[in-house]
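Below is one structure, written out as structure tokens; the observations come after it.
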Amino acid sequence: MRGLSFDIAHMLAGSLVLVSFLQLYQDRLSALINVFAMHALVLALSVAWQAFVQEAPHLYITAVIALVFKAIVIPVALRRIIVRLGIHREIEAVVGVGLAMLVGIGLVALSMVVMLRVTAEADPLAREDLAFALSVVLLGLLVMVTRRNAVGQVIGFMSLENGLVLAATGAKGMPLVVEISVAFSVLIAFIVIGIFLFRIRERFDTVDMQAMDRFRGEQR
Amino acid sequence: MAVIRDIAFQGGQMLLVLLLAPLLTGFVRKVKARLLRRQGPPLLQPYRDLIRLMRKDAVLADNASWLFRVIPYFVFAATWIAASLVPTFGSGLLFSWSADLIALIAVLGSARFFLALAGLDVGTAFGGIGSSREVMIASLAEPAMLMIMFTLALIAGSTQLSTMSAFMNSPEVGLRVSLGLGLIALIIVAIAENARIPVDNPATHLELTMVHEAMVLEYSGRHLAQIELAAMLKLLLYISLIACLFVPWGISPPTADPVHLAIGVVAYVGKLAVAGVMLALFETAIAKMRVFRVPGFLGAALMLALLAALLRFVSRSF
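Protein sequences appear in the order of chains Z and G.
Numbering follows the numbering used here, in which position 54 of the first sequence is assigned residue number 207; successive positions increment by one, without gaps.
Numbering follows the numbering used here, in which position 136 of the second sequence is assigned residue number 137; successive positions increment by one, without gaps.
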């Protein structure tokens, strides 16, 4: 039982990394949003499994929060935003897919090396989970860097936060208060960013971040 | 006595794959046609096509060299040998001592190399474009394939297919992230290698989209029959490979009684049917990619395989 429960936790955390790679691979905004919803779904599954393994019922609440807000509410809202902005068919990426994936592999390798060396004597379950969580965080940052569009960057930010939640549930005994406050801060960040998107759009007629370089005086 | 039984077993397997390959192709075509609400050709149509082609005269271009005439036989033989190495319904194959997974990839690679040469041989534009695209796809698919095989061999502790499938069947293998990543990568590679839809369309004769068909455009008669049969065998081979590595249930052990063998055969045919339906569903649901997007698609397979190998090394702790 111990072996199997560990394997499933490992598998789910690994799938989260895999879905992060899928995010890097997508170049259309609507597909990116779908993959983000999948990311949150896998996260919810992973957290629920951790709740089951650690017998920590409050983690189920975390899973439900992830499922409702991140897998349903935020993707639907983002889809509305991109449809209203008329950019749902836009293709946007700063670098090519191949290069982004290569950098992603490098980041995963880096997080493995760092985490497994730092936490040498920790519980193997927490250890591997932490390594995966760090990779998800780094891949989220990479998504933010490789997107030119503000909406893509928002998705990168949200998936980064998913990595943080994964890390927190892997470690035993995280209080629920922390989780709820993190979830709400992300939600508020989402609302603020959403408002900003429209403000940016009103002022500059685009949400392409390169257009803003001009206004900073960085003439290309 | 044991030798005779082994030979009979190996011969039975070779005969079975040869007989099932056209049926599998016909089945996939039928399912695809039904999904498009067409009647579709009957299941046995590929057999009829092959027999018809065998009867027809082969037309050769004036400037075709001897290589052009020899290659169809070579390609067919190499693919058939490769297909006979993969455990399908039983793992006690006579040939399995002589060749492992890496040899299997090498045999398939040489078949592809000669087919590409044949495309260039006559000197028509289509053959050239087909060969160049095929080689481009192969140069990306092969490293990914080798990487997947290294990962699997590291996990199973062997490159011998029968040993690997026996290991995958045992309870100690568990659920592993590397295996999941390897499976996805292997499916991507299999799709690309068999010229299925997101990479190439097996049913088209539209010059801008075809890869495999362009390469064999100059062939006719019995030569074309050999090449088509080889392509069908290759599809069967990849499905068998995925089945014997990732769903090895039902494969009968080397020293098995007839009951186990019968279960093995039934399980194998069932797996082929499931894989055929899934392939048809996937092909119906997805559009063909531009040729220049194929490197990204196959690059993803390579990345996944790399990631799988990486995870295998890192999570040694348990």
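In this text, a Cβ means the ideal position worked out from N, Cα and C, and glycines have one as well.
No experiment lies behind these values; they were computed from the predicted model shown.
Here's the rule: buried if 16 or more other CB atoms are within 10 angstroms of the residue's CB, otherwise exposed. What is residue i?
| i | result |
| --- | --- |
| Val1 (chain G) | The first residue shown for chain G is 2 and the last is 319, placing residue 1 (chain G) beyond what the model contains. |
| Leu16 (chain G) | exposed |
| Asn302 (chain Z) | buried |
| Val298 (chain Z) | exposed |
| Pro228 (chain Z) | buried |
| His224 (chain G) | buried |
| His192 (chain Z) | buried |
| Phe90 (chain G) | buried |
| Ile72 (chain G) | buried |
| Ile189 (chain G) | buried |
| Gln179 (chain Z) | buried |
| His163 (chain Z) | buried |
| Lys57 (chain G) | exposed |
| Leu231 (chain Z) | buried |
| Leu313 (chain Z) | buried |
| Phe349 (chain Z) | exposed |
| Ala145 (chain G) | buried |
Rounded to whole angstroms, what is the Cα-Cα separation between residue i and residue j?
| i | j | result |
| --- | --- | --- |
| Ser168 (chain Z) | Leu238 (chain Z) | 32 Å |
| Leu105 (chain G) | Glu135 (chain G) | 19 Å |
| Leu220 (chain Z) | Met150 (chain G) | 36 Å |
| Ser85 (chain G) | Leu165 (chain Z) | 36 Å |
| Tyr220 (chain G) | Leu61 (chain G) | 8 Å |
| Phe351 (chain Z) | Ala342 (chain Z) | 14 Å |
| Met304 (chain G) | Ala288 (chain G) | 23 Å |
| Leu262 (chain G) | Gly251 (chain Z) | 46 Å |
| Ala209 (chain Z) | Leu292 (chain Z) | 28 Å |
| Ala34 (chain G) | Leu218 (chain G) | 24 Å |
| Leu308 (chain G) | Ile258 (chain Z) | 7 Å |
| Leu212 (chain Z) | Gly323 (chain Z) | 11 Å |
| Asp358 (chain Z) | Gln176 (chain Z) | 26 Å |
| Pro249 (chain G) | Gly271 (chain G) | 12 Å |
| Trp67 (chain G) | Lys235 (chain G) | 25 Å |
| Phe310 (chain Z) | Gly158 (chain G) | 41 Å |
| Ala139 (chain G) | Arg113 (chain G) | 8 Å |
| Gly93 (chain G) | Asp7 (chain G) | 8 Å |
| Pro5 (chain G) | Leu95 (chain G) | The displayed chain sequence assigns Ile, not Pro, to residue 5 (chain G). Cα to Cα, Ile5 (chain G) sits roughly 10 Å from Leu95 (chain G). |
| Met154 (chain Z) | Pro88 (chain G) | For Met154 (chain Z), the predicted structure reports a pLDDT of 47, less than 50, and the residue's modelled location is therefore unreliable. A value from the coordinates is still provided. Rounded to whole angstroms, Met154 (chain Z) to Pro88 (chain G) spans 31 Å at the Cα level. |
| Phe319 (chain G) | Ser253 (chain G) | Confidence in Phe319 (chain G) is poor, its pLDDT being 40 and thus under 50, which makes the residue's placement unreliable; the coordinate value appears in the next sentence. Using only the alpha carbons, I get a separation of about 30 Å. |
Can you find the residues in the same chain that come closer than 8 Å, C-beta to C-beta, to residue i, ignoring five residues on each side of it along the sequence?
| i | result |
| --- | --- |
| Ala154 (chain G) | Leu102, Thr160, Met165 |
| Leu121 (chain G) | Gly128, Gly129, Ser132 |
| Val275 (chain G) | none |
| Leu287 (chain Z) | Ser264, Val267, Met268, Gly316, Ala320 |
| Ala9 (chain G) | none |
| Pro42 (chain G) | Gly27, Arg30, Lys31, Ala34 |
| Val170 (chain Z) | Val261, Phe285, Ser288, Val289, Leu292 |
Sort the options by Cα distance to residue i and report the nearest one.
| i | options | result |
| --- | --- | --- |
| Glu229 (chain G) | G:Met137, G:Ala78, G:Leu94 | G:Ala78 |
| Ala119 (chain G) | G:Ala301, G:Tyr74, G:Leu242 | G:Tyr74 |
| Ser334 (chain Z) | Z:Ile258, Z:Leu157, Z:Ile218 | Z:Ile218 |
| Val266 (chain G) | G:Met279, G:Leu280, G:Ala244 | G:Ala244 |
| Trp98 (chain G) | G:Arg39, G:Phe114, G:Thr26, G:Gln11 | G:Gln11 |
| Val212 (chain G) | G:Met290, G:Phe247, G:Gly181 | G:Met290 |
| Leu184 (chain G) | G:Leu162, G:Leu242, G:Leu238 | G:Leu242 |
| Val339 (chain Z) | Z:Tyr213, Z:Leu185, Z:Val226, Z:Asn187 | Z:Val226 |
| Ile55 (chain G) | G:Phe247, G:Pro249, G:Gly222 | Here residue 55 (chain G) is Met; the residue named in the question, Ile, does not match the sequence. Selected option, being the one with the closest Cα: G:Gly222. |
| Leu182 (chain G) | G:Ile82, G:Gln227, G:Phe247, G:Ala232 | G:Phe247 |
| Asn170 (chain G) | G:Asp258, G:Gly251, G:Ile82, G:Arg6 | G:Gly251 |
| Ser183 (chain Z) | Z:Ala273, Z:Ile235, Z:Ala224, Z:Ser158 | Z:Ile235 |
| Met279 (chain G) | G:Arg113, G:Pro296, G:Ile198 | G:Ile198 |
| Ile346 (chain Z) | Z:Val307, Z:Ser158, Z:Val318, Z:Leu185 | Z:Val307 |
| Glu173 (chain G) | G:Ile156, G:Leu162, G:Ser163, G:Ala186 | G:Ile156 |
Can you list, in chain order, the residues of its chain whose CB lies under 7 Å from that of residue i, leaving out five sequence neighbours each side?
| i | result |
| --- | --- |
| Gln363 (chain Z) | Arg301 |
| Ala142 (chain G) | Val190, Ala193, Glu194, Leu299 |
| Thr125 (chain G) | Glu219 |
| Val256 (chain Z) | Leu295 |
| Ala83 (chain G) | Leu105, Val108, Leu109, Leu238 |
| Ile161 (chain Z) | Trp202 |
| Asp361 (chain Z) | Arg301, Asn302 |
| Ala197 (chain Z) | Ala216, Ala219, Leu220, Ala224 |
| Phe115 (chain G) | Ile72, Phe75, Val76 |
| Val178 (chain G) | Leu312 |
| Ala167 (chain G) | Ser92 |
So is the beta-carbon of residue i under 7 Å away from any non-hydrogen atom of the ligand SAM?
| i | result |
| --- | --- |
| Tyr220 (chain G) | By its list of ligands, the structure shown contains no ligand whatsoever, and the ligand SAM lies outside what it can speak to. |
Spatial neighbours of residue i within its chain, please: C-beta separation below 6 Å, excluding the five flanking residues on both sides.
| i | result |
| --- | --- |
| Ala224 (chain Z) | Ala190, Ala193, Leu194 |
| Asp282 (chain Z) | Ala166, Gly323 |
ask   = In the segment 288-315 of chain G, which residues sit with their C-beta less than 8 Å from some C-beta in chain Z, listed in chain order?
value = Interface annotation for the segment 288-315 of chain G against chain Z: Pro296, Gly297, Gly300, Ala301, Met304, Leu305, Leu307, Leu308, Leu311, Leu312, Val315, criterion Cβ-Cβ distance under 8 Å.
query = Going along the segment 171-200 of chain Z in order, which residues come within less than 8 Å of chain G, judged by CB to CB distance?
reply = Under the 8 Å Cβ criterion, the segment 171-200 of chain Z contributes Leu171, Phe174, Tyr178.
task = Could you name the residues of the segment 340-360 of chain Z whose beta carbon sits closer than 8 Å to any beta carbon of chain G, in the order they occur along the chain?
result = The segment 340-360 of chain Z vs chain G, Cβ under 8 Å: nothing.
request  = Check distances from the C-beta atoms of the segment 255-275 of chain G to those of chain Z and list, in chain order, the residues that come in under 8 Å.
outcome  = Answer in chain order: no residues at all.
query = Listed from N- to C-terminal order along the chain, which residues in the segment 270-303 of chain Z have their beta-carbon within a distance smaller than 8 Å of any beta-carbon of chain G?
reply = In summary, the residues of the segment 270-303 of chain Z whose CB is separated from some CB of chain G by less than 8 Å are Pro277, Arg280, Glu281, Ala284, in the order they occur in the chain.
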